[in-house]
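The structure appears below as structure tokens.
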Amino acid sequence: MQITVAETKQRKSKPDDSNLGFGTIFTDHMFNMDYAPEKGWHNPRIEPYSPIIMDPATMVLHYGQGVFEGLKAYKTASGNIQLFRPEDNIKRLNRSARRLCIPEVDEAFLLDALKQLIGVEKDWVPGAPETSLYIRPTIIATDPFLGVRASHTYRLFIILSPVGAYYPEGFNPVKIWVTKDYVRAVRGGVGEAKTLGNYAASLLAGDEAHKEGYTQVLWLDGVEKKYLEEVGSMNIFFVIDGELITPSLNGSILPGITRNSVIQLAKLWDMKISERLISIDELVQAHAGGKLDEIFGSGTAAVISPVGEIKSGDQIFTVGGGEVGPMAKKFYSAITDIQYGRAEDPMGWVEPVA
Ligand code: COI
310 MQITVAETKQ RKSKPDDSNL GFGTIFTDHM FNMDYAPEKG WHNPRIEPYS
360 PIIMDPATMV LHYGQGVFEG LKAYKTASGN IQLFRPEDNI KRLNRSARRL
410 CIPEVDEAFL LDALKQLIGV EKDWVPGAPE TSLYIRPTII ATDPFLGVRA
460 SHTYRLFIIL SPVGAYYPEG FNPVKIWVTK DYVRAVRGGV GEAKTLGNYA
510 ASLLAGDEAH KEGYTQVLWL DGVEKKYLEE VGSMNIFFVI DGELITPSLN
560 GSILPGITRN SVIQLAKLWD MKISERLISI DELVQAHAGG KLDEIFGSGT
610 AAVISPVGEI KSGDQIFTVG GGEVGPMAKK FYSAITDIQY GRAEDPMGWV
660 EPVA
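And the structure:
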């Protein structure tokens, strides 16, 4: 399939790289492609960034049949642009799509489309330290229909946003809040898919966390409300008595690509790393026994994000004296050094953009 390119006549002015925040600025162009049963995925095109006009009955607006991804393009010191593990994001997009009855896309074609779009928008990749171009591929159901069934037609679009740190705290420790009142996902549900509704379902608990002065919610499993799962915008790692632990993927946790990168690096470095069940009680006990060395989150947007304080019920505990711990620093440096081309890429994770 040939991708048509229609460039805008009016390019926007570029923002100040040193003060980008997250997800508020969008580039000049986007990628669009449509699906119809008789044509498959068709009409791939790069065109000026513009609103999507929809019938009010469009299915995604009513039943949330949609999936998305998040990945980033990085500028190296020599001005080259590179992606980090983009094939893994595209594979996960297809896994999420399958779970939501959305037709899969050709993975090699989508990677090529993504690279072409970034090629057109290369001047938008910011150069200030720790900034990047966030890439948001999304697929939505587009039939105008109110019955509950899978849509027959879809739109896939990719938008780009120059970003800095996801959390206002930057690389400083965030505070997270454990809730037993709400759950994010249950096994057999859609927790491991990157679908729109998972994020909507997290908002009320997120609001309560904010009211309590916490940045994010640390979710427990949806059945026993006992085992730690993830933070919604990131996966979670604990360092207890020298062991690096992350909850095993059980069907209700998003299989994060940064999570997998941390695990692979830990193995490369011969660290003690366990993917296993970890309960809130184990965490509380580890803290009481002085063995909870560190907690940090991992995600594309969040990168590696140290956690300085946890609140669970009436208990509040400070982790690592509220400071950034050595493991968080080590993984943050190793991963960002690979992403920005400052270090060797022993795993072959980096993919240049033409
Ligand atoms: C990401 O890390 O890319 C995410 O999608 C998390 C969040 C921004 C929704």
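In terms of this note's numbering, the sequence shown has 592 at position 283, counting the first letter as 1, and numbering is strictly consecutive. Yeah, the Cβ is synthetic: ideal placement off N, Cα and C, and Gly gets one too. Because the structure is a prediction, the values reported are computed rather than measured.
| Check | Outcome |
| --- | --- |
| Could you name each continuous beta strand (DSSP E) segment of 3 residues or more that falls completely within the stretch 339 to 365, going from the start of the chain to the end? | 349 to 357 |
| Please state if the CB of valine 662 and the CB of lysine 424 are separated by a distance shorter than 8 Å. | yes |
| Under 8 Å between the Cβ atoms of tyrosine 475 and phenylalanine 331? | yes |
| Just jot down, in chain order, the residues whose CB lies closer than 5 Å to any heavy atom of the ligand COI. | Gly379, Ser542, Gly608, Thr609 and Ala610 |
| Terminal residues of the continuous beta strand (DSSP E) containing phenylalanine 393? | 390 to 393 |
| Between the alpha carbons of phenylalanine 466 and isoleucine 444, how many angstroms are there, rounded? | 10 Å |
| Just verifying my parser: in three-state terms, what is the DSSP assignment at isoleucine 619? | strand |
| Put tyrosine 536 into one of helix, strand or coil per three-state DSSP. | strand |
| Taking Cβ to Cβ, would you say proline 664 is nearer than 8 Å to leucine 402? | Only positions 310 to 663 of the chain appear in this structure, which leaves residue 664 out of reach. |
| May I ask you to report which of helix, strand or coil DSSP gives phenylalanine 664? | With the chain represented from 310 up to 663, any question about residue 664 goes unanswered, as that position is not in the structure. |
| Between the stretch 360 to 372 and the stretch 452 to 459, can you find at least three pairs of beta-carbon atoms closer than 8 Å? | yes |
| Valine 526 to alanine 315, Cα distance in whole Å? | 42 Å |
| Leaving aside the five residues before and after glutamate 356 along the sequence, list all residues of the same chain whose C-beta is less than 6 Å from its C-beta, in chain order. | Ala315 |
| For asparagine 389, which of Gly436, Ala406, Arg407 and Pro353 has the nearest alpha-carbon? | Gly436 |
| With H, G and I counted as helix, E and B as strand and the rest as coil, what does DSSP make of serine 570? | helix |
| If you compare alpha carbons, which of Phe640, Glu539, Asp654 and Ala450 is closest to histidine 371? | Ala450 |
| Please return the same chain residues whose Cβ sits closer than 6 Å to the Cβ of aspartate 654, not counting the five positions on each side in sequence. | Ile647 |
| Taking 7 Å as the limit between beta carbons, can you name the residues of its chain near lysine 600, skipping five residues before and five after? | Ile549 and Asp550 |
| Under 8 Å by Cβ, that's how I've got aspartate 343 and arginine 320 pegged, so tell me the actual separation to the nearest angstrom. | Not really, about 26 Å apart at Cβ, beyond 8 Å. |
| Along the alpha helix (DSSP H) that carries tyrosine 508, what are the first and last residues, could you check? | 505 to 510 |
| Considering lysine 424, what are the terminal residues of the alpha helix (DSSP H) in which it resides? | 416 to 429 |
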